[in-house]
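Position 1 of the sequence shown, counting from 1, maps to 729 under this note's numbering, and the rest follow consecutively.
We put the CB at the ideal spot given by N, CA and C, even for glycine.
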Amino acid sequence: MQTADAIITDLKGSILLVDDETTAQKLYSHVLQDAGYLIEVAANLQNARKLIHTFAFDTILADIFVGDENGLSFLKASLKAHPDTPVIMMTGAPSVQTASKAIRNGAYDYLCKPVARETLLNSVRRAVDLKLLREEKKHYELENRKYQQDLEKLIDERTQALYESETRYRLLFESCKDAIYICSREGAFVEFNQATIDLFGYDRKALLELQAESLYVFPQDRFKFTQAIETQGYVSDYPLLFRRKDGAPIDCLVTATVRIDDDGRVCGSQGIIRDITRQKQAEQRIHRQNKFLKNVLESLAHPFLVIDANTYEIRIANSAARLENIREGEPCYKVFHGLRSPCHQHGVRCTIEQVKRSLLPVRLEHVHKNSKGDDKHCEIHGYPIFDDRGGLTQIIQCHQDITEQAQARQQLQRLGTAIEQSTESIAITDRNGMIEYVNPTFEKITGYARNEAKGRKITFVSDTTQAGDRSTDMWSAIAKGQVWTGKVFHQRKDGSRFEEETVLSPVKEADGQIHNYVAITRDVTEKKRLESIAEAANLMDNLGYIFAGIRHEIGNPLNSIKMALTVLNKNLKNYSIDRIGEFVERSLIEVARVEYLLKAFKNFSLFERPRVKAVRIDQFMEHLLALVRDDFEKRGIRIGLNIVRGVEWAHTDSRALHQVMLNLLTNSADALREQQDPQINIYLHRDQNLVLIAVQDNGCGLNEPELAKLFQPFYTTKEKGTGLGLVIVKKMLAKMNSTIRVESQKHKGTVVTLALPEAQGEDE
């Protein structure tokens, strides 16, 4: 029976990957490791030459150009060192010359980068199979030579014995368990022993009269066998499939030599037929069992290891272990702790030692080092493996990463501390609103001690004179599993009233049922007083800034109109009709400018109450681009849309968002004037509970001072802009609970990102 070590060894191949491209190394290593191969990587030919002289790989996968060196020289060196190891050459710059040189120099295959996964795996699999066949061929040739030598020696001995005693020869001939035969060149039996009769199931007379072709499952095999033995003079362990009298196939190995008559001509053959049917069936069963065991080990989601109980060396590591850089051949204490001697010698709890002491399965939690050197919490199960005499030889280890659980425990501890030390009042109730917990801030603000509040309805601190419909709405919302936010009035133990910002949230179990409610409140009485003072001051500043802007923006065209009409009034009798028309046209242009400003002020007041609902944002963007793409392409601007899969619904007003997007696209188009290869790209993706729309252009961009003033009314970098466009956009988005962010660099372009609340669907 094969050990687990032998099973793994029989089923994997070792690959040397020679490539100086880090991306290619990682990609091809990952593909081949997933397919079950052991990968060794060399980034230059110097390391590759060292590796091929220290280890015989099953296949070598090498780039034709590695740095400044030519991989064809390495190909020659590799074939010289290991003629039986197939070498697959790769190149990202394929040509007929390099391909022909590689093939002429002995390359097994020639691949062009980038290599498709299936192409790579098929080429490597064929190469590994070829290496295996070559090794098997050598092995069989060696066995054949030995067997031939043994046979020749046996034949010599039997021939000598024949001279000495015919009786002894016949006894030896008949007592042999393998079939021994002598046949003519036509394949008819001339002589054979009892084992031959037993092998084919015919009696002696029938065998002597039998046509040779009827013994072969495949008649053409007889021709190939005859050709081989007459060409070489002998064959050793030649595989043939015979048929018994009852039709059952027999797998056999034939070792034979030709018979020469007195004239030196081939007159037939003689040899030994060995029945290996049972052996082959046993090998097939073992192969199937090994394959099944391999699949079981590789299918495990957690690392599975077999470790030598004496040397601590990792003998077997499944794919989950290899993904974590756990390799066979290294001691476990080095892999997991970076130590030079067993863990127990450093005071570290050791699964191996516990299993060795108890000779029983054990389970413990352990801290390992991952490939980055960070701590990883593991739950380790250890199982002993005994030999036939009951001695402990190996230990199975199953690792389960419980880092998240350990972190969750720590997080719960930190969360408890944070709640206790929070400056906000926190209360937790059951499903009926009865208080189960309050933090110290709750006690400080309300004046009620924890034991006074516990077991009472959370509304006991509410100001009943201010409750009304708001309390009804609050409890109705949270009963539906929604989060309620708002401001409520509470009453302290001493009777004083105060206002709090409150967030009341349901806590749900895995099945969606509400288990608790959490109330987080903050006293905003003093905050509201300060905000009202600041708001009044800010309002006066804004009104002053806006009125100054209006005076400037409307005053300039009015002054122009007044000046034109004054000049015209003084010179009505002196000016020609054309001259008078010029002054009238100039005045009308200024009047149109005033009309445009008034229209902008009107837009600033639009959408005071946007109709926000769930909108299929991906379809909205596609329809918008369908409307504007032709116009932009006529202006030489390429416009593209990139939507991340899964982005669908957002809370917004489609009318307002349409106006916002047109404003942003117009700004981008203005920034792209006189730019080479002007383009606008729109990216639609998600970030937590937000849908992000990013409008990116490669236009002239803005510097830091310009960015700082971007949302001030009447500030513009355009020659004929009003400075109200982005102000209106920001106002519209604020009304829809959305935000805008602008990032820009001078001469490098601008990215404007809108953040909209994500929706779950139309029926939300």
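May I ask which residues mark the beginning and end of the beta strand (DSSP E) holding L807? Here the question's residue 807 lines up with position 79 in the sequence shown. Segment G799 to A809 is the alpha helix (DSSP H) holding L807; no beta strand (DSSP E) there.
Counterpart residues of T1157 in DSSP-defined beta bridges: To locate residue 1157, count along the sequence shown from 1; it is residue 429. According to DSSP, T1157 bridges with I1163 and Y1245.
With a 10 Å radius around its C-beta and 16 neighbouring C-beta atoms as the bar for buried, classify A1146 as buried or exposed. Here residue 1146 refers to the residue found at position 418 when the sequence shown is read from its first residue. Exposed, because fewer than 16 other Cβ atoms sit within 10 Å of the Cβ of A1146.
Between the Cα of I1289 and the Cα atoms of G1110, I1001, P1338 and S1315, which residue gives the shortest distance? Reading the sequence shown from its first residue, position 561 is the one you call residue 1289. Taking only the C-alpha atoms, the option nearest I1289 is S1315.
Assuming S1190 contacts V1231 under a Cβ cut-off of 8 Å, what Cβ separation, rounded to an integer in Å, is found between them? Counting from 1 along the sequence shown, the entry for residue 1190 is found at position 462. Counting from 1 along the sequence shown, the entry for residue 1231 is found at position 503. About 16 Å; that fails the 8 Å criterion.
Between S757 and the rest of its own chain, which residues show a CB-CB distance below 8 Å, the 5 nearest in sequence each way excluded? As a first step, residue 757 is located in the sequence shown; it is residue number 29 there, counting from the start. These residues qualify, in order along the chain: L745, I767 and V769.
From T787, H1386 and R950, residue whose alpha carbon lies closest to that of S807: In the sequence shown, the residue the question calls residue 807 occupies position 79. One point to set straight first is that residue 807 is Leu, not Ser, in the sequence displayed. Selected option, being the one with the closest Cα: T787.
By Cβ distance, which residues of its chain are closer than 7 Å to G1066, with the 5 residues on each side in sequence left out? Along the sequence shown, one-based indexing puts residue 1066 at 338. So the list reads K1097, once near-sequence residues are dropped.
Looking at the unbroken beta strand (DSSP E) that takes in L1021, where does it start and where does it end? As a first step, residue 1021 must be located in the sequence shown, where it is residue number 293. Premise fails: L1021 lies in the alpha helix (DSSP H), T1005 to S1027, not in any beta strand (DSSP E).
In the DSSP assignment, what residue or residues form a beta bridge with L969? Here residue 969 is taken as the residue at index 241 of the sequence shown, counted from 1. For L969, which the question treats as bridged, DSSP gives the partners D979.
In terms of residue numbering, what span does the alpha helix (DSSP H) encompassing N1409 cover? For this step, residue 1409 is matched to residue 681 along the sequence shown. Annotation for N1409: no alpha helix (DSSP H) segment contains it, though the beta strand (DSSP E) segment containing it runs Q1407 to D1415.
C1060 lies in the alpha helix (DSSP H); which residues open and close that run? By one-based count along the sequence shown, residue 1060 stands at place 332. Its alpha helix (DSSP H) spans residues C1060 to H1065.
Considering only C-alpha positions, which residue in the set L1033, L1051 and R1050 is nearest to R1043? Counted from its first residue, the sequence shown places residue 1043 at position 315. In terms of CA proximity to R1043, L1033 leads the group L1033, L1051 and R1050.
Identify which residue in R993, R1373 and N1391 has its Cα closest to the Cα of L699. No information on residue 699 is available, as it lies outside the stretch 729 to 1492 that the chain covers here.
Quick one: Cα of S1260 to Cα of K1459, how far? Here residue 1260 corresponds to residue number 532 of the sequence shown, with the count starting at 1. Here residue 1459 corresponds to residue number 731 of the sequence shown, with the count starting at 1. A caution first: S1260 carries a pLDDT of 45, below 50, which makes its placement in the model unreliable, though a value can still be read off. In a straight line, the C-alpha of S1260 is about 21 Å away from that of K1459.
May I have the straight-line CA-CA distance separating S903 from L968, to the nearest angstrom? Start at 1 with the first residue of the sequence shown, and residue 903 comes out as number 175. Start at 1 with the first residue of the sequence shown, and residue 968 comes out as number 240. When rounded, the separation of the alpha-carbon atoms in S903 and L968 is 23 Å.
Is it true that the CB of A855 sits closer than 8 Å to the CB of I816? Your numbering for residue 816 matches position 88 in the sequence shown. Your numbering for residue 855 matches position 127 in the sequence shown. When the beta-carbon positions are compared, I816 and A855 come within less than 8 Å of each other.
Would you say V852 and M818 are within 8 Å of each other, going by their C-beta atoms? For the purposes of this step, residue 852 is taken as the residue at position 124 of the sequence shown. For the purposes of this step, residue 818 is taken as the residue at position 90 of the sequence shown. The answer is no: Cβ separation not under 8 Å.
How many angstroms separate the CA atom of A1483 from the CA atom of T1213? In the sequence shown, counting from the first residue as 1, residue 1483 sits at position 755. In the sequence shown, counting from the first residue as 1, residue 1213 sits at position 485. In this model, A1483 and T1213 are separated by some 21 Å (Cα to Cα).
M818 - containing beta strand (DSSP E), residue span: Indexing the sequence shown from 1 puts residue 818 at position 90. V815 to T819 is the span of the beta strand (DSSP E), which, as asked, contains M818.
Which word fits L760, buried or exposed, when buried means at least 16 other C-beta atoms lie within 10 angstroms of its C-beta? As a working note, residue 760 is residue 32 in the sequence shown. Per the 10 Å Cβ criterion, buried.
Among T1121, H1109, L1120 and L1143, nearest to I1130 - alpha-carbon criterion: Position 402 of the sequence shown, counting from 1, holds the residue named residue 1130. Comparing Cα-Cα distances from I1130 to each of T1121, H1109, L1120 and L1143, the minimum goes to H1109.
Start and end residues, beta strand (DSSP E) containing A770: Here residue 770 is taken as the residue at index 42 of the sequence shown, counted from 1. Start and end: L766 to A770.
Test item: CB-CB of L1494 and A835 under 8 Å: No answer is possible for residue 1494: the residues shown for the chain start at 729 and end at 1492.
Please report the distance separating the alpha-carbon of L1420 from that of T1481. Numbered from 1 along the sequence shown, position 692 holds the residue referred to as residue 1420. Numbered from 1 along the sequence shown, position 753 holds the residue referred to as residue 1481. A straight-line Cα-Cα distance of about 7 Å links L1420 and T1481.
Which of helix, strand or coil does DSSP assign to I1345? One-based indexing of the sequence shown puts residue 1345 at position 617. Here I1345 carries a helix assignment [DSSP, helix/strand/coil].
Three or more C-beta pairs below 8 Å linking the segment 1423 to 1430 and the segment 1467 to 1479: Segments in contact, yes.
Quick check on the burial criterion: 16 or more other C-beta atoms within 10 angstroms. Buried or exposed for F951? Within the sequence shown, the letter at position 223 stands for residue 951. When all chains shown are included, F951 counts as exposed.
Per DSSP, which one or two residues make a beta bridge with C911? Position 183 of the sequence shown, counted from the first residue, corresponds to residue 911. The beta-bridge partner set that DSSP reports for C911 consists of F917 and S997.
If I measure Cβ to Cβ from A956 and keep anything under 8 Å in the same chain, skipping five residues before and after, which residues do I get? The residue given as residue 956 occupies position 228 in the sequence shown. The residues are V963 and Y966.
Assigned exposure category for M1162 - 16 Cβ within 10 Å defines buried: Along the sequence shown, read from residue 1 onward, the residue named residue 1162 stands at position 434. Per the 10 Å Cβ criterion, exposed.
Closest to D974 by CA distance: which of Q1139, I1123, D931 and Q1009 is it? Taking the sequence shown and counting its residues from 1, one reaches residue 974 at position 246. Considering only Q1139, I1123, D931 and Q1009, the residue with the shortest C-alpha distance to D974 is D931.
Give me the residue from G1118, A1048, F783 and I1124 with the minimum Cα distance to T1079. Position 351 of the sequence shown, counted from the start, is the residue given in the question as residue 1079. Ranking G1118, A1048, F783 and I1124 by Cα distance to T1079 puts I1124 first.
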